[in-house]
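As structure tokens, the structure follows; a few thoughts come after it.
In mature numbering (1 follows the signal peptide of the UniProt record, and there is no 0), the protein residues as written are -20 to -1, 1 to 577.
Dropping the structure here:
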């Protein structure tokens, strides 16, 4: 029993502590861990039964009768969750399960070369109680849990399709006619995923027995490397480099700034509520200081919570986060009573920026599979309030001839998004494609875009209604060159005309004694890809007519995806198809069918 909880806690810790270059690699990593857990089921079961009283053994066997339910990723997940739910049903709390959980976590950590004594205690204590609480309270069967976490597809679970919301009604509205820009464009700066390391130490090891290094505590007998002044690709970013970027973006004189979340570093084993709030406030203050008099609009990231990802408004820590989040951004964003009310409800809000332009920021953590509390959130009032708020706000914007700048943290179309939430969001975005002028996100640390159509209600439709733009991170973690972006909009029609991405080529400053670093233009979208603007029609044309038939252009896209940190690997026909399918589809099912075609 306790061993199984330990395995799941170790899985949870490792899936949160590991960064992947794209969602495909992330999925493969989590699935590999799940498979390893299932291979150890015989040993786990033996430990479970030995830890139980005779009475509990009989009850356990009556609840969990068959430990080998199925094969593949869905079968692996269902086996593990079935076992967990059977164990939790016996009434044991986390503290009773912790000793064996620690053994399992340390075994895994030592296997990947981490300092188990440093990593496991904090990580398990941060996440373990939440896993036990969620599975105890969740009404779902094991197979339904795995469907919710995207380890099973709907056709692998009895009644799986019923888990998807019914199609939202959708009307078709003509696209707003474009005009030639006659004035200086409206400039919107986007910053995302700062993940600042306030304890960054120049000269400290870049290879250490922890998931991330470059800190004073990274030193050990097995440590290697030397952290540079401006950062390292295996570490969170130093505060001086964040300031360097903010100085540069300030000089661009933007009209609006948006920040799409994730301020704290990737140090899961050290997280505390106080620490998460401290770093989040540091980033908010730094951005506000650099852009005085310019409105700054944030969107909540999954690393703002304590512990990371675990958003559930019944928790006192989340209630405090909502309150403090509203306060730390209030002056920069100009929040009034309406915004404070909805942020305190669920970290979402809307605000009129200027006549004709409105910001709508939603809490994408409500749809993230990494937030285990979403097994409980789906039917909660706060989540439904956000969905109602978004639709009513977009309807009112249409009636008032406003365009909407839509802000979130997680993009759609990958296994990181729960299917019911994906269905709601894609239908909503497609329905209001005439209202949404830009949809901006982060989270992935990489650079890409996705087309949004009505494939859920009409799989044969080839019409594109909107575009998701994912901006690369300010942080270096995940082998990324620190990046930021500015969007240019027609000041009258608010049609997106172009975007320019800036980066710090860290490879130039990793070695040597350089005291200065220069931020450069990475690329300008219209020049790089030969398009007229950033409208859905232009980007669909780019994908269909250009990337499909021009390998050189596709490789430019792949190079930019990696923030020019390194050249992409060779890409065969299967690789090319996978990339194009991801761009063309904002749903997991659409992507899957595309790759199977």
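Glycine included, each C-beta is placed from N, C-alpha and C at the ideal position.
Sheet register partners of residue i (DSSP bridge)
i	result
residue 339	331 and 385
residue 478	468
residue 348	397
residue 170	238 and 465
residue 176	217
residue 195	180
residue 124	Paired residues: none, contrary to the question.
residue 187	204
Expected contact under 8 Å - CB spacing of residue i and residue j to nearest Å
i	j	result
residue 592	residue 287	For the chain, the structure presents residues -20 to 577; residue 592 sits outside this window and is missing.
residue 566	residue 393	4 Å
residue 104	residue 78	7 Å
residue 450	residue 464	Not a contact, Cβ separation roughly 13 Å.
residue 585	residue 289	Lying outside -20 to 577, the shown extent of the chain, residue 585 is not represented and no answer is given.
residue 380	residue 410	Contact flag wrong, Cβ pair sits at about 21 Å.
residue 420	residue 238	6 Å
residue 74	residue 101	With 8 Å as the limit, residue 74 and residue 101 do not qualify as a contact, their Cβ atoms being about 13 Å apart.
residue 340	residue 386	5 Å
residue 236	residue 168	5 Å
Contacting residues, own chain, Cβ-Cβ under 7 Å from residue i (five flanking each side not counted)
i	result
residue 322	328, 329 and 369
residue 504	478 and 480
residue 268	276, 311 and 312
residue 203	185, 187 and 188
residue 206	183 and 186
residue 120	128 and 355
residue 536	508
residue 271	230 and 237
Cβ neighbour criterion (16 or more within 10 Å) applied to residue i
i	result
residue 396	buried
residue 252	exposed
residue 316	exposed
residue 572	exposed
residue 278	buried
residue 351	buried
residue 3	Low confidence applies to residue 3: its pLDDT is 45, below 50, so where it sits in the model is not reliable, and the reading given next is rough at best. Buried, by the Cβ-count rule.
residue 529	exposed
residue 92	exposed
residue 487	exposed
residue 332	exposed
residue 8	For residue 8, the predicted model reports a pLDDT of 47, less than 50, meaning its position is unreliable; a value from the coordinates is still stated below. It is exposed - the Cβ of residue 8 has fewer than 16 other Cβ atoms within 10 Å.
residue 257	buried
residue 196	exposed
residue 457	buried
residue 525	exposed
residue 231	exposed
residue 376	exposed
residue 264	buried
residue 248	buried
residue 48	The pLDDT assigned to residue 48 is 45, lower than 50, so where the model puts this residue is not dependable; a value taken from the coordinates is nonetheless given after this. Classification for residue 48: exposed.
residue 224	buried
residue 542	buried
residue 495	exposed
residue 577	exposed
residue 540	buried
Same chain, Cβ closer than 6 Å to residue i, neighbours up to 5 away in sequence not counted
i	result
residue 511	518 and 522
residue 534	527
residue 471	163 and 166
residue 320	306
residue 382	336 and 338
residue 412	374
residue 423	389 and 390
residue 300	none
Neighbourhood of residue i by C-beta distance below 8 Å, restricted to the same chain and skipping five residues each side
i	result
residue 546	459
residue 575	557, 558 and 561
residue 54	123, 126, 131, 132, 133, 136 and 137
residue 489	208, 209, 210 and 497
residue 175	216, 217, 242, 243, 244, 245, 246, 283, 453, 454, 455 and 457
residue 342	279, 328, 366, 370, 386, 387 and 388
residue 94	189, 190 and 191
residue 349	128, 129, 130, 395, 396, 397 and 398
Runs of 4 residues minimum, wholly inside the segment 399 to 466: which ones carry the alpha helix (DSSP H) assignment?
399 to 411
For the segment 255 to 306, which segments carrying the beta strand (DSSP E) assignment without a break, of at least 3 residues, lie completely within its bounds, in sequence order?
276 to 278
What ranges does the alpha helix (DSSP H) occupy inside the segment 481 to 511, keeping only unbroken runs of at least 4 residues that lie completely in it?
505 to 509
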